[in-house]
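This note's numbering applies: residue 15 is where the sequence shown begins, and numbers increase by one. Just so you know, even glycine gets a beta-carbon here, dropped at the ideal spot from N, CA and C. Scroll down for the structure; my scribbles are underneath it.
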Amino acid sequence: MTTVEPNEPWTHAHPVRIFAGNGALERLPDVAAADRILLVCSGGSVRRGIAARIMSLLGESRVLVYDRVVPNPQLDVLDAAAESLRVEPIDAIIAIGGGSVLDTGKVLSALMPSNRPNGLDRIFRHGEDQVLDKRIPLVAIPTTSGTGAEMTPFATIWDRQTNRKHSLAGDVMYPEAAILDPSLTLDLPREVTLYTGLDAVSHAMESLWNKNRTPVSEAFAAQALKWIHGAFGGVLDNPDSLEYRAGMQWASALAGLAISQTRTAIAHAMSYPLTLRYDVPHGLACGFALPAIWEHSRNIDPGTLETPEIRRTMELLERLDLIGELRNYLDPANLFVIILPEVSTADRAGNYIGGMDREILEGIMRRLNVGR
Ligand SMILES: [Fe+2]
């Protein structure tokens, strides 16, 4: 198998305007020129002074703060937030934080202009058609490097009531602009740097071993892996290096650009039950199996997947002992039983170029050497 054949049809479009570089946050007043702005962030961002910095850049009187974002945003919480904020005259939303904050900003930007209460409940629990066709312009400012959410047209929504994970997707979900300022990622603790970095690696790999890949998504993913190869090991050893931080931030954005075209695949399908049922952090959940999936995929498409950058990145992941990290959350011997129902559905797992069934999953588990 080669990359996309010249006679195969494909398209590419991407609407997010990027403002990048150290100090890029200072350009926020030009990027968000609206009169009434909703700032979406976590309580941690308020305590660390990030919210205050945004307000001093924009002028406090223009900014309404929603700081109740928690990891893995819940369906009911998002519906309730949209309901209470819908009455506010908001012209623009700024979301600054990690993936959960950016996803919350995206969901609010699409739900708030709608007049239908409980929009997510209607769509995901009652099967109503998704009629979110307006949005409040969103500026996404990542403070972690991995999610790529600032580049993608989807947001992940978690529903503990039904024990399911949903994806709200569509062009209306694209941020209008993304600000990539690596200095915002300098304070990340090692665990967050590691897990979010694994998410970036996952996105790049998932878009390469993906049936929906295009020449453009491949170029983004391959470039993301070059940056990851140059910066991931370095940033774990030298967290204060702005150069490595910038490399990972750019890699994350490139991988986000790649999956915005392809969506994710088998590694993400495998991750969701681990996060829903065992609270495994997203990046670890979709990262621990990458070397084993790679062993399978590179035989199918060595031309795309057998590059020096990928080989060395997979070797780095092996050295990081991610199965050992996983033991903090569950017994890896149970992985097969937990994951099997997910890979049997056509959703994300169906994007994998190698196909996916019980036998392939058994092979991945054998390579992981976790007792099955
Ligand atoms: Fe991810």
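| Query | Result |
| --- | --- |
| From W172, R31, M126 and D293, residue whose alpha carbon lies closest to that of E97 | M126 |
| Where the alpha helix (DSSP H) through K240 begins and ends | P229 to D251 |
| Reference A109; option with closest CA among T118, P103 and L71 | T118 |
| Contact test: D213 Cβ vs ligand 1 heavy atom, cutoff 6 Å | yes |
| Alpha-carbon spacing of P85 relative to V115, whole angstroms | 8 Å |
| Proximity below 7 Å, CB of L89 to CB of I171 | yes |
| Whole-Å CB distance - Q275 paired with P196, under 8 Å assumed | Incorrect: roughly 25 Å between the Cβ atoms, too far for contact. |
| Alpha-carbon spacing of V30 relative to G270, whole angstroms | 11 Å |
| Helix, strand or coil at S128 according to DSSP, with G and I counted as helix | coil |
| Residue environment, M15, which counts as buried when at least 16 other CB atoms sit within 10 Å | For M15, the predicted model reports a pLDDT of 47, less than 50, meaning its position is unreliable and no value from the coordinates is stated. |
| Three-state secondary structure (DSSP) of K225 | coil |
| Beta-carbon gap between E394 and R149 smaller than 7 Å | Limits of the chain in this structure are 15 at one end and 386 at the other, which puts residue 394 out of reach. |
| C300: CB within 6 Å of a non-hydrogen atom of ligand 1 | yes |
| Integer-rounded CB distance, given that A363 should sit under 8 Å from I280 | 5 Å |
| Residue from L382, H296, Y258 and L330 whose Cα sits closest to the Cα of T199 | Y258 |
| Euclidean distance between Cα positions of R67 and I32 | 20 Å |
| R380 to D44 span [Cα, whole Å] | 53 Å |
| Proximity to G338 [Cα-Cα], best of E320, A299, G184 and N132 | A299 |
| V77: first and last residue of the uninterrupted beta strand (DSSP E) it sits in | V77 to V83 |
| Between the CA atoms of P189 and S59 - distance to the nearest angstrom | 20 Å |
| Inter-residue spacing [alpha-carbon to alpha-carbon] between G248 and M219 | 20 Å |
| Expected contact under 8 Å - CB spacing of T12 and T158 to nearest Å | Since the displayed the chain opens at 15 and closes at 386, residue 12 lies outside it and no answer follows. |
| According to DSSP, residues forming a beta bridge with F168 | A183 |
| Selection from D185, Q175 and I155 that minimises the alpha carbon distance to D147 | D185 |
| Cα-Cα separation between R291 and L194, rounded to whole angstroms | 33 Å |
| Between the CA atoms of V351 and E376 - distance to the nearest angstrom | 10 Å |
| Cβ neighbours of A265 in the same chain (closer than 6 Å, five flanking residues each side left out) | A214, A238, W241 and I242 |
| CB-CB length for P346 against V384, believed under 8 Å | 4 Å |
| Beta-carbon proximity of L250 to F302, cut-off 7 Å | no |
| For D173, three-class secondary structure by DSSP | strand |
| For T56, the residue or residues it bridges with in DSSP | Residue identity differs from the one stated: residue 56 is Ser in this sequence, not Thr. Paired residue(s): V83. |
| Bounding residues of the alpha helix (DSSP H) (the contiguous stretch that carries I374) | R372 to L382 |
| Beta bridge counterpart(s) of I32 as assigned by DSSP | A192 |
| Proximity winner among L334, N177, K120 and E205, relative to A183 (alpha-carbon distances) | K120 |
| Between the CA atoms of V230 and H26 - distance to the nearest angstrom | 7 Å |
| M69 vs A124 beta-carbon contact at 7 Å | no |
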